[in-house]
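One structure is given here, and the rest of the page talks about it.
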Amino acid sequence: MRVRQKNQITIPHRIAEEADIKPDDVLEITYINDVVTIVPAGKKGNKRSVMEYAGVAKGTWGKTTSTITKTTSLK
């Protein structure tokens, strides 16, 4: 694959078919640790960061360690 003058690239037909990428699809491109990744925007699926779940259960068992200990201890 070659980068064109306006930084344009062409996705090879075989790869576009396998990834179900169609004309006018929106793609997201990232650059992390010297790796360029292109992902169809609607196909991120379950590749979510674990940090997106931080705090999701806040307050479920109580707000203090003593409340949590009382709630979760075996009776």
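For the sequence shown, this note's numbering gives the first residue as 1264, with consecutive numbering after it.
Cβ atoms here follow ideal geometry from the backbone N, Cα and C, with glycine treated the same way.
Endpoints, beta strand (DSSP E) assigned at residue i
i: Ile1278; result: Ile1278 -> not in any beta strand (DSSP E); alpha helix (DSSP H) instead, spanning His1276 to Glu1281.
i: Thr1293; result: Leu1290 to Ile1295
Which of helix, strand or coil DSSP assigns to residue i
i: Ile1301; result: strand
i: Ile1331; result: helix
i: Met1264; result: coil
i: Val1319; result: coil
Distance between beta carbons of residue j and residue i, contact taken as under 8 angstroms
i: Ile1301; j: Ile1292; result: 5 angstroms
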